[in-house]
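Q:
There are 2 protein chains.
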Amino acid sequence: MKTATDGLPMNGAMLELVARRFRILGEPCRLRILQQLERGEHSVGALVEALDGNQPNISRHLQVLYEAGLVGRRRDGTSVLYAIGDPFIFKLCDLVCRSTRQRTQRSLDELQGVSSLRSAQRSRR
Amino acid sequence: MKTATDGLPMNGAMLELVARRFRILGEPCRLRILQQLERGEHSVGALVEALDGNQPNISRHLQVLYEAGLVGRRRDGTSVLYAIGDPFIFKLCDLVCRSTRQRTQRSLDELQGVSSLRSAQRSRR
DNA sequence: TCATTATATGATTGTATGGTAATATAACGA
DNA sequence: TCGTTATATTACCATACAATCATATAATGA
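Next up, the structure:
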């Protein structure tokens, strides 16, 4: 099941699935939802309030996340409680955050021409 | 610079940047390009041929990847050679591939109602 | 059953973006 | 300089999808 080039998906179908997964995480609103869920289970209403969104929109995003297996849900009376379904996303987001910070920092440096300050950057981890 | 909830981006601007980065990886064509570049530096033309794409399209995707710092480039005569610029993407894709496989496998199981075969799934790693 | 609360779903609109053809720009050699 | 090759850019169309309003469905208690 592996080709010479591993590490990245090989066959077309898998590649589509992976791309889709990335795209699902490519929405600020969904990231905000996941961020909030990291604090624990939330009802839809609680998320709507916490994120200052409107209900149908949040609900839709939750649907997407749920279908992707990124969040789980359970009913509690008239409410539906959502929770992180796949903890891998935090590792994932850590990676992306880190690389985004690096990238942003580098862009800043270039804009200001502070190549001499690289050492300072290095010291920030 | 850290809040109680770390692991996911906190402030709005950062969150946008991270989402954008995810979205950039959410295109099958761009993933294919990265996959190909994993084998080494490629000219635009070489990528066009290898991926059976058309030149303007590949060129555009490369531009996006370049601006995001995901690939680097250098001129060589009339050609421009692109190469992986940020190796973190492979770790990233590994993560997503793995979770996608898991998710897909689980969906398959549910469709077939083979909860009894879970052991087989576990043995596949 | 009915009213109420919570969530999900249609339907519509606007926008972002991918694919593509045509054209522009850049680098090189004659 | 001019022609050729390689790459980038412009302009257009088509599509995917997020936001939103209105409405439907589900669960609970009276």
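Chains Z and H, in that order, are what the protein sequence lines are.
Residue numbers for the first sequence follow this note's numbering, beginning at 91 and rising by one.
Residue numbers for the second sequence follow this note's numbering, beginning at 91 and rising by one.
Every residue gets a Cβ at the ideal spot worked out from N, C-alpha and C, and that includes glycine.
Please read these numbers as outputs of a predicted model, since none were measured by experiment.
1) When burial is assigned at 16 or more other CB atoms within 10 Å of the CB, is G102(H) buried or exposed?
2) Are any of the Cβ atoms in chain H nearer than 8 Å to that of D199(Z)?
3) Measure the CB-CB distance between Y172(Z) and R163(Z) and report whether it falls below 8 Å.
4) Going by the DSSP bridge assignment, what does D184(H) pair with across the sheet?
5) Would you tell me roughly how many angstroms separate the C-alpha atoms of S169(H) and L182(Z), rounded to the nearest one?
6) Less than 8 Å separating the beta-carbons of I123(Z) and H151(Z)?
7) Check whether the region 104-121 of chain Z and the region 180-200 of chain H touch, using three or more Cβ-Cβ pairs below 8 Å as the test.
8) Could you spell out the range, first to last residue, of the alpha helix (DSSP H) harbouring R164(Z)?
9) Looking at the C-beta of L121(H), does it have a partner C-beta in chain Z at a distance below 8 Å?
10) With H, G and I counted as helix, E and B as strand and the rest as coil, what does DSSP make of L115(Z)?
11) Quick one: which residues of the region 127-146 of chain Z get their C-beta closer than 7 Å to a C-beta of chain H? List them in chain order.
12) Could you please give the first and the last residue of the uninterrupted beta strand (DSSP E) stretch that includes A173(H)?
13) So S189(Z) and D176(H) are in contact, right, with Cβ under 8 Å, and what is the actual spacing, rounded?
14) Considering only residues of the same chain and omitting the five flanking positions on each side of E66(Z), which have a CB-CB separation below 6 Å?
15) Need the endpoints of the alpha helix (DSSP H) that N147(Z) sits in, please.
16) Closer than 7 Å by C-beta to Y156(Z): which residues in its own chain qualify, once you throw out the five before and the five after it? Chain order, please.
17) Could you check if Q202(Z) is buried or exposed, using at least 16 other CB atoms within 10 Å of its CB as the buried criterion?
18) Just checking: is the beta-carbon of A109(H) within a distance shorter than 8 Å of some beta-carbon in chain Z?
19) Check this for me: beta carbons of V138(H) and Q145(H), under 8 Å apart or not?
20) Give the straight-line distance between the Cα atoms of V161(H) and I179(Z), rounded to the nearest whole angstrom.
21) Assign L115(Z) to one of two classes, buried (16 or more other C-beta atoms within 10 Å of its C-beta) or exposed (fewer than that).
A: Taking the definition as stated:
1) exposed
2) no
3) yes
4) Partner(s): none; D184(H) has no beta bridge.
5) If you draw a straight line from the Cα of S169(H) to the Cα of L182(Z), it comes to about 35 Å.
6) A contact, by the Cβ cut-off of 8 Å.
7) yes
8) That residue, R164(Z), is in no alpha helix (DSSP H); its beta strand (DSSP E) goes 161-166.
9) yes
10) Coil.
11) E128, R129
12) Counting along the chain, the unbroken beta strand (DSSP E) around A173(H) starts and ends at 169-174.
13) A Cβ-Cβ separation of about 6 Å places S189(Z) in contact with D176(H) under the 8 Å criterion.
14) Lying outside 91 to 215, the shown extent of chain Z, residue 66(Z) is not represented and no answer is given.
15) 145-157
16) R163
17) That one is exposed.
18) yes
19) yes
20) 24 Å
21) buried
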